[in-house]
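Asker: What follows is a structure written as structure tokens; I'll ask about it next.
Numbering (this note's numbering), first residue to last: 40 to 367.
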């Protein structure tokens, strides 16, 4: 509809402090970003709504540039006043972005005299604008990236205890490294989502027909290492996946999940309160991943109860992950 949704708005606002500081320092600010993923069906790669929202927040005009590099960009940059802002096209429209392309990196780097990374959430990606361009220019981290790094470094090295983590997601094997890392550091690790279903299946107390053997094996290994640090759901919400169907949606004990259940979609309220009881006694809490299929209101209660509960406790609470931010 030509507008920025509130989730993208949150991400834009995270970068505003750095952009405003560069403007105040009379820099010519050239913005490079991405939207969507190449190959997405019906993907929207148009940055115009983002440009308009930036203008609202900055109270400044943001000039659009039609090319990622070349004479047109050189001419625009040369004509920019100190303290002005221009936006390059979506960097992912060039297929060379998604790999490491030295030629493309040199083209992008030729536009500027310095590089500021205000894209913490993609800093781990080995893509041209993320990993190669900074090697060609004097480079630094933006204010929000520094904040993200310092916050997560504290969690990794010197968290105040007790330290409780809540981890959820669709597949265990995609978060094995995170879970194993956390088990070395936390006092309790509470799990939700399909990850929790997989652990429950390994313990023969729950059925989830979509669990893959790779996830089951990862869960078995983690259970052996975790001991009493690993906290599993005591009740779950089951029901149909089909939109709008209320029949069959119910909360049951993990010991009473029917064999013919269509799906296990959320943690129950007893589990949410159990997890919060650990968090209320903690000094540090890390939450990564909604604990249920929150995008469906029938299965959103667990995530909402956990989110509201964490907002009220005195512990330092760190929330990470795109889906978790979207749920909040």
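Heads up, the beta-carbon is just placed ideally off N, CA and C, and yes, glycines get one too. Note that this is a predicted model, so its numbers are computed, not measured.
Does DSSP put residue 233 in a helix, a strand or coil?
Answerer: Three-state DSSP puts residue 233 in a helix.
Asker: Does the distance from the C-beta atom of residue 330 to that of residue 356 stay below 9 Å?
Answerer: Cβ distance not < 9 Å, so residue 330 and residue 356 don't count as in contact.
Asker: Please identify the residue among 278, 53, 64 and 56 whose C-alpha is closest to the C-alpha of residue 121.
Answerer: Out of 278, 53, 64 and 56, 64 has the C-alpha closest to the C-alpha of residue 121.
Asker: Residue 57: which of 138, 129 and 183 sits nearest, CA to CA?
Answerer: When each option's Cα is compared against that of residue 57, the closest is 183.
Asker: Count the other CB atoms, across all protein chains shown, that sit within 10 Å of the CB of residue 91; report buried if there are 16 or more and exposed otherwise.
Answerer: Classification of residue 91: exposed, given that the 10 Å Cβ count is below 16.
Asker: Please state the DSSP three-state secondary structure of residue 75.
Answerer: It is coil, neither helix nor strand.
Asker: Under 9 Å between the Cβ atoms of residue 129 and residue 159?
Answerer: No.
Asker: Candidates 152, 326 and 335: which alpha carbon is nearest residue 347's?
Answerer: Residue 347 has its Cα closest to that of 326, out of 152, 326 and 335.
Asker: I need the straight-line Cα distance from residue 225 to residue 270, nearest angstrom please.
Answerer: Answer to the nearest angstrom: the Cα atoms are 12 Å apart.
Asker: If distances are taken between C-alpha atoms only, which option among 293, 192, 99 and 280 comes closest to residue 125?
Answerer: The shortest Cα separation from residue 125 among 293, 192, 99 and 280 belongs to 99.
Asker: Counting only the same chain and skipping the five closest in sequence on each side, list residues whose C-beta sits under 6 Å from that of residue 366.
Answerer: Correct list, in chain order: 329, 333 and 342.
Asker: Report yes or no: do the stretch 303-311 and the stretch 271-284 share at least 3 C-beta pairs separated by less than 8 Å?
Answerer: As far as the Cβ criterion goes, the stretch 303-311 touches the stretch 271-284, which means the pair count is three or higher.
Asker: By DSSP's criteria, residue 325 is part of a beta bridge. Which residues make up the other side?
Answerer: Residue 325 is bridged to 204 and 357.
Asker: Is it the case that the Cβ atoms of residue 265 and residue 212 are separated by a distance below 9 Å?
Answerer: The answer is no: Cβ separation not under 9 Å.
Asker: What is the DSSP secondary structure of residue 227, counted as helix, strand or coil?
Answerer: Residue state, collapsed to three classes: strand.
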